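Mapping of the sequence shown onto the UniProt record's numbering: residues 1 to 147, in sequence order.
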Amino acid sequence: MLDRDLAELYGVPTKRLNEQVKRNKKRFPKDFMFQLNKEEFDILKSHFATSSWVGVRKLPNAFTENGVAMLSSVLNSDTAIQVNIQIMRVFNKMREMAIGYAELKRRIDQLEERYDKHFKIIFDAIKKLISPPKKPIKKIGFLSERK
1 MLDRDLAELY GVPTKRLNEQ VKRNKKRFPK DFMFQLNKEE FDILKSHFAT SSWVGVRKLP
61 NAFTENGVAM LSSVLNSDTA IQVNIQIMRV FNKMREMAIG YAELKRRIDQ LEERYDKHFK
121 IIFDAIKKLI SPPKKPIKKI GFLSERK
């Protein structure tokens, strides 16, 4: 997302948003935020029918998902604070779900291990019943010779 769109969402002027980014540069590595180059900006402008980009003195900053989350922690508007709180709640909920999935996987593995043993015994018994004997059975009794 672009800085001006995020500024509007967070209820702060674009200038204020970019000031906070500059003051907290270490919080915004390249995979969180980058500045559009002239070519990218021209392409972006060409996609909009209205000329709302006229008068832009500085190329806009673009923020990734992580950058948007980081912005909510460095901005001090009421909206930014609420966004930050919601992000923290979502992260906690995701961690709880991940722990729940790990526990469920562990239980399934235990069931498979337990029942695989039982099924192995059954399958081994069935194989013995349907397979021919390994040693030839000795015939009991006398053989008569007939010609």
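We put the CB at the ideal spot given by N, CA and C, even for glycine. Predicted model, so just to flag it, every value in this text is computed and none were measured.
Assigned with DSSP and collapsed to three states, Phe63 falls in strand.
Counting other Cβ atoms within 10 Å of its Cβ, Asn61 reaches 16 or more and is therefore classed as buried. Residue environment: Gly67 is assigned as buried (16 or more neighbouring CB atoms within 10 Å of its CB, all protein chains considered).
The three-state reading of DSSP puts Leu36 in coil, since its state is none of H, G, I, E or B. For Phe91, the uninterrupted alpha helix (DSSP H) run begins and ends at Asp78 to Ile130, by DSSP. Counting along the chain, the unbroken alpha helix (DSSP H) around Lys22 starts and ends at Thr14 to Arg23. Leu75 counts as buried, since at least 16 other C-beta atoms from the protein chains shown sit within 10 angstroms of its C-beta. Note on geometry: alpha-carbon atoms of Gln82 and Lys26 lie some 23 Å from one another. With a cutoff of 8 Å on beta-carbon distance, Met33 and Thr64 are scored as near each other. Assigned with DSSP and collapsed to three states, Leu2 falls in strand. With respect to Ala69, Ile85 sits apart: the two C-beta atoms are not nearer than 8 Å. By the beta-carbon neighbour count (other beta carbons within 10 angstroms, threshold 16), Val90 is exposed. Going by beta carbons, Leu71 and Leu36 fall outside the 8 Å limit.
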